[in-house]
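Structure record follows, encoded as structure tokens.
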Amino acid sequence: MIFQPAWFAAEGLIKKIEAEKATVQIIHPDVVVFSLEWLQLEITKERFVARTSQEPYDEPLRDLVIGTFSLLRHTPIRQMGINRSMHFLVDNEEKWHAAGYKLAPKEPWEGILKRSGLISLTIQEDERKDGEVVRSDGLKGFTRVKVEPSVKILPGLFIEVNNHFEARDTSPSAGCVEIMTVLKQSWEASYKRSEEIIYSLLERLLK
Amino acid sequence: MPLRAEPKNYETSLTGNNFTIAPDTDEIEVSIFGPGYGESILLHVGFNNWFIIDSCIDPHSKAPMPLAYLEAINVNPAVSVRQIIATHWHDDHIRGLGQTFKACASAEFVLSSALNSDEFITLAVAYNTRSMAEGIGSKEMWTVINEISDRKKNGATSSAPKFAIANLPLWRSSPGVTASTRHLFKKIFKALLRSSSGDSAPTHACSIHALSPSDTAVLAAKLDIAKLLPTDRAPKRALIATSPNRAAVVIWASIGEYNILLGADLEEIGDSSSGWTGILNSSLRPSGRATYFKIPHHGSITAHNSDVWSNMLHAKPVATLTPYVNGSTRLPTNADINRISSLTNRAFATTPPERTVTVKRRSGIVDKTIKETVRNIKQLYPSIGHVRMRVKPGGEERIELFGSAYRLS
Amino acid sequence: MINTMLKRTNYKWKDMQFDLSWSEQVSSHELIRPFKGDLPKQNIMSYVSQPASEVSSCALYENVYLGTGALEEPGKEPIPTVKQTIATQNQFISLQKWQGIVVEVKKDAFIAKLIDLTERGVEEEAEFSIEEVSDDDKELVMPGSVFYWNIGHQISYQGQQTRASMIRFRRLPVWRKEEIDAAKSRAQKLRDFINWK
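Chains as they are written, first to last, in our numbering: chain L, 1 to 207; chain P, 1001 to 1409; chain H, 2001 to 2197.
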């Protein structure tokens, strides 16, 4: 496996100094895990996961993914998730509990569970069309939203939007051109929609 | 704007008395739009035959201005637009052109012969499929190329573009039958009169010619384009179309006795076979003098040739221009305005130069940090202006100003 | 409508993640499974060059080598991830974001067109001093170069909050001969098909 910080720097995808200062957890032919100040990367033989918690790096992260797979055009990527998540501090516990009740009312659980509480809720948006599952933008895939109590801040809500895309061309020779094209064309819309979903949900839950 | 029952596809921020009233059937119209960076011209030669020269976008709605205007005056672009002419492929003349071409389903696409090359198509393919930094001009042209390809796939027989070169006739319509005879025929053979030329043919002879680029300019421009091709190991940067504007397409439109000269961005290069000198020296260009002149290259001195004013235009023509702000360049300068004002007292601009720049206000923290970070900042094209000229055969021009348009002289 | 008060004040952490896969998703640690029987402890540990701060070396070894029994039970949700949490991390909360394209480079400054990514549709132009660009980005300041400019709050892991401005230039792989040749080939076919002649 070629994915090492030095490779990314040599290909001009990250700064040389960033590669030199990378925190490497494991470099192995089958698994690579390292991080930079703004980037966490976990790569296996079948999966490439890149993450940032720094807002200014959302676009550089996208560029890194596109740049990497412009070099590895033959990688047969079939699925892509563009995931945005947020930990949101709620004003007080009362509002926090009220948000949980709105998402998952307690009544169905009364008498069955003692002191029940919401741990996680996931809702998916998709449409069946021509025998496949498609998103609201017509691309193959779905949008999935997860809401949980935050484990990072208290009282807080964690909301994650998973924009999932799937390639239509799954032939053995198909590389990653389709998925990368989807990424370039859908980036702005999915970025904006994720924000709208998160903030609209927050507004309703915290009203 | 009047209330419409159906939702609009293309909004515009322009409003005003009579804005939404379409020209009369036999009325010539030249409408020029300028948001401070970019320009677009719509030409009506009569009988619902429209031509679109370049494109810009409404700064508020982001809609392509040609489509927004045609929708506002209730003209269907899919059937009424005969040609879309891209005078060159610089960013400021081409925004929204791809979407416009797609909407004008029966329009022919016309562009400079300088773009008739393997290198240009390679540039469009490379930057739009292999890079994230395509640049506005190349992106719009890519949309056009794909639309032409789609039309061909769908069986269109006349999807190929037309390449403009000096003295090439681009469009022509012969005088048709008189209005009363047409009306009679219409009653009996309604469908026969629905020719490919819009509602019906104008009753006066109509022609549109390209006056440029010259062969010399085409060759030089092709070499310039070839230099833009990426090379092995070169960094991927945004593609920026560069000057000089030697290969821009200048248009001469004759509608009966009325002539119109649209100067695009053609500059004077100091070469007897190119630029404005090349046009003046050509023995093949259409004869006559124009009463309407779209001043080239935003009124700059580099595009000025006094012989154009004395030999190709009537005295005191209607003259229009769009301003331009890019980097440290601001056009027209005060000297340009003074020069133009001395040549005609009927000069108009789509936006006053000082209104092409404003400063956008944001939150206190952000504004404070901006001030500390940059030397200066300005918002581009916060407004759009529209100068509309209408004239009936043998009549006087009627000029209307909308949005930020104003009288220069 | 997004409540801008909500947007600006209360969120503490924002993550962006890309997750790409090219077969059925397999937990990355099922891949360690084949090595379990073959590799002695010291070999497995040698792959782990720097343990994540939240997991001690011993615990890490146990997680990777012994798991929680999941290694022996195919199909079960397996092995805990090798955690990659960054224990000490500053955070930048962006209040305003632009994408810029350099249009002109002067001696000690450059002019750029700015596309507002926060309030889409606004376009501006600004002049920056070269000194606003980090040293390792300076070589990228050329006409056509793309960069991102963020203004917001920098929050240290100790909680200290300061106003900040950050400029970072876009990095993409260079043009390659095979890309250019492929573009030429496709262009030729396209030109013939649409009669761009």
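Don't be surprised by glycine CBs; every beta carbon is placed ideally from N, CA and C.
Take every Cβ of the region 1213 to 1233 of chain P, pair it with every Cβ of the region 1104 to 1117 of chain P, and state whether three or more of those distances are shorter than 8 angstroms. Contact between the region 1213 to 1233 of chain P and the region 1104 to 1117 of chain P is present: three or more C-beta pairs spanning the two stretches fall below 8 angstroms.
Where Val2141(H) falls: helix, strand or coil (DSSP): In the structure shown, Val2141(H) adopts coil according to DSSP, grouped into three states.
Going along chain H, which residues have a C-beta under 8 angstroms from Leu1129(P)? As written in the sequence, residue 1129(P) is Thr, which differs from the Leu given in the question. Residues of chain H passing the Cβ test: Ala2183 and Arg2186.
Could you name the residues of chain P that Met2142(H) contacts, counting a contact when the two beta carbons are closer than 9 angstroms? Pro1235 and Arg1237, listed in chain order.
Going by DSSP, what residue range makes up the alpha helix (DSSP H) through Tyr1127(P)? In the DSSP assignment, Tyr1127(P) falls within the unbroken alpha helix (DSSP H) covering Asp1118 to Thr1129.
Short of 8 angstroms in beta carbon distance, which residues of its chain neighbour Ile43(L), apart from the five on each side in sequence? Order them along the chain. Closer than 8 angstroms at the Cβ level, and outside the excluded window around Ile43(L), lie Met1, Phe3, Val31, Val32, Val33 and Val49.
Listing by chain order, which chain H residues have their CB less than 7 angstroms from the CB of Pro1230(P)? Within chain H, the residues near Pro1230(P) are Trp2175 and Ile2180.
Spatial distance of Lys207(L) from Leu72(L) (CA atoms): Rounded to whole angstroms, Lys207(L) to Leu72(L) spans 47 angstroms at the Cα level.
Phe1047(P) - DSSP class collapsed to helix/strand/coil: Of the three classes helix, strand and coil, the one that applies to Phe1047(P) here is coil, per DSSP.
Residues from the region 1378 to 1409 of chain P in contact with chain H, defined by Cβ distance under 8 angstroms: Of all residues in the region 1378 to 1409 of chain P, Lys1378, Gln1379, Leu1380 and Tyr1381 have a Cβ within less than 8 angstroms of some Cβ in chain H.
Check each residue of the region 2132 to 2162 of chain H: if its Cβ is closer than 9 angstroms to any Cβ of chain P, include it; give the result in chain order. Under the 9 angstroms Cβ criterion, the region 2132 to 2162 of chain H contributes Glu2132, Leu2140, Met2142, Pro2143, Gly2144, Ser2145, Val2146, Trp2149, Ile2151, Gly2152 and His2153.
By DSSP, does Gly2152(H) sit in helix, in strand, or in coil? Looking at Gly2152(H) - three-state DSSP - the assignment turns out to be strand.
Return the chain-ordered list of same chain residues with a C-beta closer than 7 angstroms to the C-beta of Met86(L), the five sequence neighbours on each side being excluded. Around Met86(L): Ile159 and Ile198.
CA-CA distance, Thr1416(P) and Ile1028(P)? Residue coverage of chain P in this structure runs from 1001 to 1409, which leaves residue 1416(P) outside it and unanswerable.
Reference Gln25(L), options Ile17(L), Phe165(L), Leu36(L) and Arg135(L), closest by Cα: In terms of CA proximity to Gln25(L), Leu36(L) leads the group Ile17(L), Phe165(L), Leu36(L) and Arg135(L).
Interface partners of Gln223(L) on chain H, CB under 7 angstroms: Since the first and last residues shown for chain L are 1 and 207, residue 223(L) lies out of range.
Where does Gly111(L) land, buried or exposed, given buried means 16+ other C-beta within 10 angstroms? Exposed is the call here.
Just to confirm before moving on: does the CB-CB distance between Val2146(H) and Arg2170(H) stay below 8 angstroms? Contact flag set, yes.
With respect to the beta strand (DSSP E) encompassing Lys1378(P), which residues constitute its N-terminal and C-terminal limits? In the DSSP assignment, Lys1378(P) falls within the beta strand (DSSP E) that extends over Val1374 to Leu1380.
With the cut-off set at 8 angstroms, would you say Asp1307(P) and Leu1280(P) are in Cβ contact? A distance below 8 angstroms separates the beta carbons of Asp1307(P) and Leu1280(P).
Given Arg62(L), which residues of its chain have a CB within under 8 angstroms of its CB, disregarding the five upstream and five downstream residues? So the list reads Leu183 and Trp187, once near-sequence residues are dropped.
Check Tyr1258(P) in the structure and name its three-state DSSP category. In the structure shown, Tyr1258(P) sits in a strand (DSSP, three-state: E or B).
Looking at the unbroken alpha helix (DSSP H) that takes in Leu1097(P), where does it start and where does it end? Unbroken alpha helix (DSSP H) run through Leu1097(P): Leu1097 to Ala1103.
Beta strand (DSSP E) runs wholly inside the region 46 to 100 of chain L, at least 3 long, in chain order: Counting only runs of 3 or more, we get 47 to 52 and 79 to 89.
Tell me the rounded alpha-carbon separation between Tyr157(L) and Lys2014(H). Looking at the sequence shown, residue 157(L) is not Tyr but Leu. Here the alpha carbons of Lys2014(H) and Leu157(L) stand approximately 12 angstroms from one another.
Starting from the beta carbon of Met1132(P), find every residue of chain L whose beta carbon is closer than 8 angstroms, and list them in chain order. What Met1132(P) touches in chain L: Asp63, Ile66 and Lys184.
Just to confirm the assignment: which complete beta strand (DSSP E) runs, minimum length 3, are found wholly within the region 101 to 152 of chain L? Listed in chain order, they are 121 to 125, 127 to 129, 132 to 134 and 141 to 149.
Compare the beta carbon distance of Ala1086(P) and Leu1070(P) with 8 angstroms and say whether it is the shorter of the two. Their beta carbons are not under 8 angstroms apart, which means Ala1086(P) does not touch Leu1070(P) by this criterion.
So which residues of chain H does Ser1328(P) contact, with C-beta pairs closer than 8 angstroms? For Ser1328(P), the neighbours in chain H by C-beta distance under 8 angstroms run, in chain order, Glu2104 and Ile2111.
Between Lys1316(P) and the rest of its own chain, which residues show a CB-CB distance below 7 angstroms, the 5 nearest in sequence each way excluded? Excluding its 5 nearest sequence neighbours in each direction, Lys1316(P) has C-beta neighbours in its own chain below 7 angstroms: Thr1344, Asn1345 and Arg1346, listed in chain order.
I think Val1030(P) touches Asn1048(P), with their Cβ atoms under 8 angstroms apart; what is that distance to the nearest whole Å? About 16 angstroms separates the two Cβ atoms, so there is no contact after all.
Rounded to a whole number of angstroms, what is the C-alpha to C-alpha distance between Ile123(L) and Asp2181(H)? CA-to-CA, the gap between Ile123(L) and Asp2181(H) works out to about 46 angstroms.
Between which residues of its own chain and Asp126(L) is the CB-CB distance below 6 angstroms, once the five residues before and five after are set aside? Close CB contacts of Asp126(L) within its chain, under the 6 angstroms cut and outside five residues either way in sequence, are with Val133 and Phe142 (chain order).
Checking contacts by CB at 8 angstroms: is Ser2094(H) closer than that to chain L? Cβ-Cβ to chain L under 8 angstroms: yes for Ser2094(H).
Could you give the distance in angstroms between the alpha-carbon of Ile1377(P) and the alpha-carbon of Asp2135(H)? When rounded, the separation of the alpha-carbon atoms in Ile1377(P) and Asp2135(H) is 23 angstroms.
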